[in-house]
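Visitor:
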Amino acid sequence: MKTWFHSWRAAIRIARRDAWRSKGRSALVLAMIALPILGVSALDLTIRSSELSPAERADRTMGAADARFQDSGYGGVPVFQDPPGDMNTPAKDYGDSAWPSGSVDVTKAFPAGSTVLKDTIGGAKLTTVHGLLMTEVRELKAADPIARGITTLLEGRYPEKNDEVIATSHFLETSGLSIGSTLSARNFDRQYRIVGAYEIPDSLNTDQVNALPGAFLAPYAKAAEKAGLQKPGASSTYLVRASGGFTWNMVKELNTKGVIVTSRAVLLDPPAKSEVPLYQRGGWGDFESSAGADAAELAALGTVVGLAMLEICLLAGPAFAVGARRSRRQLGLVGANGGARSHIRAIVLSGGLVIGIAAAVTGTVLALILTLALQPVLEDTMGQRFGAFDVRPLEILGIALLAVLTGLLAAIVPAITASRQTVLASLTGRRGIRRSSRVLPLIGLVALLIGGAIALFGSLVSQQFIIVAGGSAIAELGIVAMTPALVGLFGRTGRWLPLSPRLALRDAVRNRGRTAPAVAAVLAAVAGSVAVSVFMASSEAQYEAEYQAQLPYGAVSAFVTEEGGRDVPAVRDAVQRFLPVDVRADVERVTVGKAGCPMWGGGGDGCGRYEVVVPPANECPMYATVPGDGDPSERFTPEQRRKMVAEDWRCDQSYSGHGVYTEGGLLVGDATVLKVLGIEDAGAAKALAEGKIVSFTRAQVDKNGTIGIKQVTDIAAADKAAEEGRPAPGKVSSIPAYRVPGSPKTYGLQALITPATAKAAGLSTTPMGLYVATDRLPDSEARQKLDSELAKLGSDVELHVEEGFVNDNSIILLALAIFAGLVTIGAAGIATGLAQADAEADLKTLAAVGAPPRVRRTLSGFQCGVVAAMGVILGSAAGILPAVGLRLTEERQQIRFHEEAVAQGWSNATDIPSLPIVIPWETLAGLLIAVPLGAALLAALVTRSRGALARRAAI
Numbered sequence: 015m016k017t018w019f020h021s022w023r024a025a026i027r028i029a030r031r032d033a034w035r036s037k038g039r040s041a042l043v044l045a046m047i048a049l050p051i052l053g054v055s056a057l058d059l060t061i062r063s064s065e066l067s068p069a070e071r072a073d074r075t076m077g078a079a080d081a082r083f084q085d086s087g088y089g090g091v092p093v094f095q096d097p098p099g100d101m102n103t104p105a106k107d108y109g110d111s112a113w114p115s116g117s118v119d120v121t122k123a124f125p126a127g128s129t130v131l132k133d134t135i136g137g138a139k140l141t142t143v144h145g146l147l148m149t150e151v152r153e154l155k156a157a158d159p160i161a162r163g164i165t166t167l168l169e170g171r172y173p174e175k176n177d178e179v180i181a182t183s184h185f186l187e188t189s190g191l192s193i194g195s196t197l198s199a200r201n202f203d204r205q206y207r208i209v210g211a212y213e214i215p216d217s218l219n220t221d222q223v224n225a226l227p228g229a230f231l232a233p234y235a236k237a238a239e240k241a242g243l244q245k246p247g248a249s250s251t252y253l254v255r256a257s258g259g260f261t262w263n264m265v266k267e268l269n270t271k272g273v274i275v276t277s278r279a280v281l282l283d284p285p286a287k288s289e290v291p292l293y294q295r296g297g298w299g300d301f302e303s304s305a306g307a308d309a310a311e312l313a314a315l316g317t318v319v320g321l322a323m324l325e326i327c328l329l330a331g332p333a334f335a336v337g338a339r340r341s342r343r344q345l346g347l348v349g350a351n352g353g354a355r356s357h358i359r360a361i362v363l364s365g366g367l368v369i370g371i372a373a374a375v376t377g378t379v380l381a382l383i384l385t386l387a388l389q390p391v392l393e394d395t396m397g398q399r400f401g402a403f404d405v406r407p408l409e410i411l412g413i414a415l416l417a418v419l420t421g422l423l424a425a426i427v428p429a430i431t432a433s434r435q436t437v438l439a440s441l442t443g444r445r446g447i448r449r450s451s452r453v454l455p456l457i458g459l460v461a462l463l464i465g466g467a468i469a470l471f472g473s474l475v476s477q478q479f480i481i482v483a484g485g486s487a488i489a490e491l492g493i494v495a496m497t498p499a500l501v502g503l504f505g506r507t508g509r510w511l512p513l514s515p516r517l518a519l520r521d522a523v524r525n526r527g528r529t530a531p532a533v534a535a536v537l538a539a540v541a542g543s544v545a546v547s548v549f550m551a552s553s554e555a556q557y558e559a560e561y562q563a564q565l566p567y568g569a570v571s572a573f574v575t576e577e578g579g580r581d582v583p584a585v586r587d588a589v590q591r592f593l594p595v596d597v598r599a600d601v602e603r604v605t606v607g608k609a610g611c612p613m614w615g616g617g618g619d620g621c622g623r624y625e626v627v628v629p630p631a632n633e634c635p636m637y638a639t640v641p642g643d644g645d646p647s648e649r650f651t652p653e654q655r656r657k658m659v660a661e662d663w664r665c666d667q668s669y670s671g672h673g674v675y676t677e678g679g680l681l682v683g684d685a686t687v688l689k690v691l692g693i694e695d696a697g698a699a700k701a702l703a704e705g706k707i708v709s710f711t712r713a714q715v716d717k718n719g720t721i722g723i724k725q726v727t728d729i730a731a732a733d734k735a736a737e738e739g740r741p742a743p744g745k746v747s748s749i750p751a752y753r754v755p756g757s758p759k760t761y762g763l764q765a766l767i768t769p770a771t772a773k774a775a776g777l778s779t780t781p782m783g784l785y786v787a788t789d790r791l792p793d794s795e796a797r798q799k800l801d802s803e804l805a806k807l808g809s810d811v812e813l814h815v816e817e818g819f820v821n822d823n824s825i826i827l828l829a830l831a832i833f834a835g836l837v838t839i840g841a842a843g844i845a846t847g848l849a850q851a852d853a854e855a856d857l858k859t860l861a862a863v864g865a866p867p868r869v870r871r872t873l874s875g876f877q878c879g880v881v882a883a884m885g886v887i888l889g890s891a892a893g894i895l896p897a898v899g900l901r902l903t904e905e906r907q908q909i910r911f912h913e914e915a916v917a918q919g920w921s922n923a924t925d926i927p928s929l930p931i932v933i934p935w936e937t938l939a940g941l942l943i944a945v946p947l948g949a950a951l952l953a954a955l956v957t958r959s960r961g962a963l964a965r966r967a968a969i
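Sequential numbering of the sequence shown, starting at 15, is according to our numbering.
Right, here's the structure in full:
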């Protein structure tokens, strides 16, 4: 034991000294190992620090209160909730029947003697330096001790008067306002002065202002209603402090009154799952992942970590081999003085241990420092403040041990290789005869076949991505193990090469111990990049084939559906001024009730909706309303549903959506709409002029050649009729129709009516927006100016510029190619350094016999290029397998979803999904040509032309 300790202590001292002498090589290996450790440690620290403890979560949710009460919205019926209060449902199972709705007086549920603070949240468009900004408005007495922890005051003071507010720092930054500025809201004549800035620890990016209770939302709602607009909504919760808090039993008792309670005591000490009624109901679990999912996630994580460690070992291994080769005389002296082979191995392994420990310490310390230093940046990026700075020693230690293990694993092969050299060969500098293992390539071939079979099974039989990924990983490991044999096959091409590349290739093949790890490292990096590139390029081709344009190329649409189209004139003017408009078509929408009513119904008293009546004879049997509950499509077999969606014109839904999202696809406009959309039909323009409605779908036109538009004014009666399977009551206006023959591309437009015809039919209309055709595609400058102008309005403008399919992944493919190139150059450079250490005697001999200085540079460049080329070629071939497997698996999944959708009547698509497999030849060309060439040129440039002449060792 004592001898073992002293021998290892001496080995570590020697390794530490060698590492200090070769600072450049040591720093390179240390960086390769430490950088992943730094990243993973920093990620662990960030995630753990951002995870709030139950006490911290309670402070941010309810301040110093004991609970937060809120209305369930189910009209006071008993409810079930989960312990945090995030999920809830009525206690009674209503099945397919109508669920209860309505409010409940939460104040009646407060315990006697409790202290209550009301917290109300609404929204308004507030005035800013730039225009208007949709902002969350809160009414909470933030200075009250009960609210402590919900907000953090950064500057100024809390409001004390009804005309004072505080604003989040994000709102002040976005709006251009500051403390002391005044703001108001649209349709509201009151002014409010900003007296302080604050932040919400859980939501740093929220635009919010806070006023005293009753100071803003109630008067603002009255002003909006007075202006004929929809009353702004607001929701209230209550912070309650009571003696003894609220236990889980008390929470369940309050649930019987229709009140949802988030309790501090329950958050700190949650009940068992068996005590939560919500979890006992089918479909309402705690949504924890299953044991199988956890195992699959753990396996995936282990695979990623293992492959990352393998990549580092393959990159760092040759660097340790370089150190061992340059220290071979020192190692020979150890053997000459009685050292055993185990001592030689211990010295080289100690090099990996020293570098691994140094990398672990460096990565961990830098992770701690950087996470602390960048904490504000990380918090801003995540949009929330950390809780406590949480350092988990065991997790950090485990990550650090990975660095030590990686260093040891990277040094194993160089240690074994160095220990096998004889003392005489080490002292004289002879390289001896190096024989590669015959067993390793066979093991690699077996792994390749097994992995390929698993990946093939996963892609053709199973539908599990994890099987394809796992099989591909095993196959890639097999190719890595076969690398020495594959390098030997590359050597047979040397007979056709000129002198310098032939020498470089011969040297690489004869010294596979240093060539194979570098080639394998390049192979692994390139294979991963190629796999992702092929998968992304294939997905991009699929998205391009499936892309459906919303407008003709270069056309623009801009719609506003809020506040009765108040901002539509300004939007039209902005589009006209900033875009190269050729043809402009203004459009409106049909409204029922006040102009400010929402487009899809709701909005309270005075608001209704309209329906484009589909004649009963034209209704698809699968979608037709039937009395009672249930799905009408269930009356048919899957084969019948499949036949209907494929052959019955009544079930064709291909014309809906894709640009027009009004009820029935109905728009109000003139013939210029047809011109902008590229619909060429002289009869349509004539029909509009004659006061007819133009229809592009057969289902809307009845046997009399008219289209019925029903105005529903009693929403409650309409909802009740829908529950009973009856048509909604309302006035129907029948308008003569002209159906456009054929199936022109209408971009979602199903019916078009002129304003005059709509008025004559008794229909009210509201401005909605416009279509424009441009004489050229708007450039980036015009788009930015338009976006800036629309932002000043503060309206929710649905702007779309049709520029066709846009490839969003090109920059990612470029980044992958650059990453693979950098790894390739790094690995090839390390192998070149080892080759130079090996070939120093040959280079001296060449110089001695009169070889020009450029031979040294040329040979070095070709040595680097040969390693890079072999790794890139093998990696490109290996990377295609997993990408193809994943695409085939995805295709099987989509085919299954397609068959189910057609069988259930959800889709009328008749084409079976076929996913293309595309090879990104540009990326591969860059890897196969540019990367090896660049590596060769770089190696030639950094190699000295002349080396010091020295006496050749005796043979």
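Where is the CB? At the ideal position from N, CA and C, for every residue including glycine. Everything numeric in this text was worked out from a predicted model, so none of it was measured.
1) Between which two residues does the alpha helix (DSSP H) carrying valine 690 extend?
2) Distance, Cα to Cα, aspartate 58 vs arginine 516?
3) By DSSP, does aspartate 587 sit in helix, in strand, or in coil?
4) Pull up the distance between the alpha-carbon of arginine 255 and that of phenylalanine 83, whole angstroms please.
5) Using the three-state DSSP reduction, which class does isoleucine 361 fall into: helix, strand or coil?
6) If you check the beta carbons only, do alanine 742 and glutamate 625 fall under 8 Å apart?
7) For threonine 779, which residues from the same chain have a beta carbon less than 7 Å from its beta carbon, with the 5 sequence-adjacent residues on both sides left out?
8) Mind listing, in chain order, the continuous beta strand (DSSP E) runs of no fewer than 3 residues lying wholly within the stretch 688-753?
9) Which residue comes first and which comes last in the alpha helix (DSSP H) that contains alanine 772?
10) What do you reckon, are the CB atoms on glycine 940 and alanine 541 nearer than 8 Å?
11) Go ahead and pull the three-state DSSP assignment for histidine 144.
12) Measuring only the C-alpha atoms, how far is threonine 720 from lysine 759?
13) Provide the residue span of the alpha helix (DSSP H) that contains aspartate 521, from first to last.
14) With a threshold of 7 Å on Cβ separation, who are the neighbours of glutamate 150 within its own chain once the five nearest residues in sequence on each side are excluded?
15) Quick one: Cα of arginine 966 to Cα of leucine 419, how far?
16) DSSP three-state call for asparagine 269: helix, strand or coil?
17) State the CB to CB distance for the pair leucine 282 and proline 97, rounded to an integer number of angstroms; the pair is presumed to be in contact (CB under 8 Å).
18) Are the beta-carbon atoms belonging to glycine 458 and glycine 485 less than 8 Å from one another?
19) By Cβ distance below 6 Å, which residues in the same chain neighbour valine 482 in space, the five residues on each side in sequence not counted?
20) Scan the stretch 97-131 and note each continuous alpha helix (DSSP H) run of 4 residues or more that stays entirely inside, going in chain order.
21) Figure out for me which residue from Pro227, Asp133, Arg520 and Leu500 has the closest Cα to the Cα of threonine 251.
22) Can you tell which of Gln95, Gly242, Ser543 and Gly756 has its C-alpha closest to the C-alpha of tryptophan 663?
23) Could you pull out every residue in the same chain whose Cβ sits closer than 6 Å to the Cβ of isoleucine 693, ignoring the five residues on either side in sequence?
24) So, for glycine 210: in the same chain, excluding its five sequence neighbours on each side, which residues have a beta-carbon less than 7 Å away from its beta-carbon?
25) With DSSP as the reference, label glutamine 84 as helix, strand or coil.
26) Based on DSSP bridge pairs, tell me the residues matched to valine 179.
27) Using 8 Å as the cut-off, can you tell me whether the stretch 59-79 makes contact with the stretch 278-294, which would need three or more C-beta pairs spanning the two stretches below that distance?
28) Helix, strand or coil: how does DSSP classify valine 880 here?
29) With DSSP run on the structure shown, which of helix, strand or coil describes methionine 782?
30) Looking at serine 249: is its Cβ nearer than 8 Å to the Cβ of valine 574?
31) Taking the C-alpha atoms as reference points, what is the distance between methionine 15 and tryptophan 22?
32) So within the stretch 601-636, which uninterrupted beta strand (DSSP E) runs reach at least 3 residues, ignoring any that extend past its ends?
33) Pull up the DSSP beta-bridge partners for arginine 901, would you.
34) Just list the alpha helix (DSSP H) runs in the stretch 369-425, keeping only unbroken ones of 4 residues or longer that don't cross its boundaries, in chain order.
35) For the structure I just gave you, are there three or more beta carbon pairs, one from the stretch 182-191 and one from the stretch 138-148, closer than 8 Å?
36) At what residues does the beta strand (DSSP E) containing arginine 255 begin and finish?
Guide: By the coordinates alone:
1) Start at 1 with the first residue of the sequence shown, and residue 690 comes out as number 676. Annotation: the continuous alpha helix (DSSP H) that includes valine 690 extends over 686-690.
2) Stepping through the sequence shown from its first residue, residue 58 is reached at position 44. Stepping through the sequence shown from its first residue, residue 516 is reached at position 502. Computed Cα separation, rounded: 49 Å.
3) Mapped onto the sequence shown, residue 587 falls at position 573. Residue state, collapsed to three classes: helix.
4) Translated into the one-based positions of the sequence shown, residue 255 becomes position 241. Translated into the one-based positions of the sequence shown, residue 83 becomes position 69. Distance between the alpha carbons of arginine 255 and phenylalanine 83: 11 Å.
5) By one-based count along the sequence shown, residue 361 stands at place 347. In the structure shown, isoleucine 361 sits in a helix (DSSP, three-state: H, G or I).
6) Translated into positions along the sequence shown, residue 742 becomes position 728. Translated into positions along the sequence shown, residue 625 becomes position 611. For alanine 742 and glutamate 625, yes; Cβs fall inside 8 Å.
7) Position 765 of the sequence shown, counting from 1, holds the residue named residue 779. Short of 7 Å from the beta carbon of threonine 779, and not among the five residues preceding or following it, lie these beta carbons of its own chain, in chain order: Glu602, Arg603, Val604, Thr605, Val682, Pro769 and Ala772.
8) Listed in chain order, the complete beta strand (DSSP E) runs (minimum 3 residues) inside the stretch 688-753 are 707-709, 720-726 and 745-753.
9) Position 758 of the sequence shown, counted from the first residue, corresponds to residue 772. Taken as a continuous stretch (DSSP letters only), the alpha helix (DSSP H) holding alanine 772 covers 769-774.
10) Residue mapping note: residue 940 aligns to position 926 of the sequence shown, counting from 1. Residue mapping note: residue 541 aligns to position 527 of the sequence shown, counting from 1. Taking 8 Å as the Cβ cut-off, glycine 940 and alanine 541 do not qualify as a contacting pair.
11) Taking the first residue of the sequence shown as 1, we reach residue 144 at position 130. In the structure shown, histidine 144 sits in coil (DSSP, three-state: anything other than H, G, I, E or B).
12) Within the sequence shown, numbered from 1, the residue matching residue 720 stands at position 706. Within the sequence shown, numbered from 1, the residue matching residue 759 stands at position 745. Rounded to whole angstroms, threonine 720 to lysine 759 spans 22 Å at the Cα level.
13) By 1-based counting over the sequence shown, the position of residue 521 is 507. Per DSSP, aspartate 521 belongs to the alpha helix (DSSP H) from 513-524.
14) To locate residue 150, count along the sequence shown from 1; it is residue 136. Ile135, Gly137, Thr220, Asp221 and Gln222.
15) Here residue 966 refers to the residue found at position 952 of the sequence shown. Here residue 419 refers to the residue found at position 405 of the sequence shown. For arginine 966, the pLDDT reaches just 47, beneath the cut-off of 50, and the residue's location in the model is therefore unreliable, although a value from the coordinates is still provided. Straight-line Cα distance between these residues: approximately 40 Å.
16) Taking the first residue of the sequence shown as position 1, residue 269 is located at position 255. In the structure shown, asparagine 269 adopts helical secondary structure according to DSSP, grouped into three states.
17) Position 268 of the sequence shown, counted from the first residue, corresponds to residue 282. Position 83 of the sequence shown, counted from the first residue, corresponds to residue 97. That pair is no contact at about 10 Å.
18) The count along the sequence shown starts at 1 and reaches residue 458 at position 444. The count along the sequence shown starts at 1 and reaches residue 485 at position 471. Glycine 485 is positioned such that its CB atom lies no closer than 8 Å to that of glycine 458.
19) The residue you call residue 482 lines up with position 468 of the sequence shown. Spatial neighbours of valine 482 in its own chain (CB-CB distance under 6 Å, excluding positions within 5 residues in sequence) are listed in chain order as Ala469, Gly472, Ser473, Gly899, Leu900 and Thr903.
20) none
21) Here the question's residue 251 lines up with position 237 in the sequence shown. Measuring from the Cα of threonine 251, the nearest candidate turns out to be Asp133.
22) Counting from one through the sequence shown, the residue named residue 663 turns up at place 649. Ranking Gln95, Gly242, Ser543 and Gly756 by Cα distance to tryptophan 663 puts Gly756 first.
23) Sequence index remark: in the sequence shown, residue 693 carries index 679 (1-based). Closer than 6 Å at the Cβ level, and outside the excluded window around isoleucine 693, lie Pro758.
24) In the sequence shown, residue 210 corresponds to position 196, counting from 1. Correct list, in chain order: Leu167, Glu169, Gly170, Arg171, Tyr172, Ile180 and Ile193.
25) Along the sequence shown, one-based indexing puts residue 84 at 70. DSSP places glutamine 84 in strand when its eight states are reduced to three.
26) Sequence index remark: in the sequence shown, residue 179 carries index 165 (1-based). Valine 179 is bridged to Ile208 and Ala225.
27) yes
28) Position 866 of the sequence shown, counting from 1, holds the residue named residue 880. DSSP places valine 880 in helix when its eight states are reduced to three.
29) Numbered from 1 along the sequence shown, position 768 holds the residue referred to as residue 782. In this structure, methionine 782 counts as strand in the three-state DSSP scheme.
30) For this step, residue 249 is matched to residue 235 along the sequence shown. For this step, residue 574 is matched to residue 560 along the sequence shown. Their beta carbons are not under 8 Å apart, which means serine 249 does not touch valine 574 by this criterion.
31) Taking the first residue of the sequence shown as 1, we reach residue 15 at position 1. Taking the first residue of the sequence shown as 1, we reach residue 22 at position 8. Reliability of the predicted coordinates at methionine 15 is poor, the pLDDT of 46 falling under 50, and no value is obtained from them.
32) If one requires a minimum length of 3 residues, the beta strand (DSSP E) runs lying completely within the stretch 601-636 are 623-627, in chain order.
33) Locating residue 901 in the sequence shown gives position 887, counting from the first residue. Under DSSP, arginine 901 shares a beta bridge with no residue.
34) 389-396
35) yes
36) Numbered from 1 along the sequence shown, position 241 holds the residue referred to as residue 255. Per DSSP, arginine 255 belongs to the beta strand (DSSP E) from 248-255.
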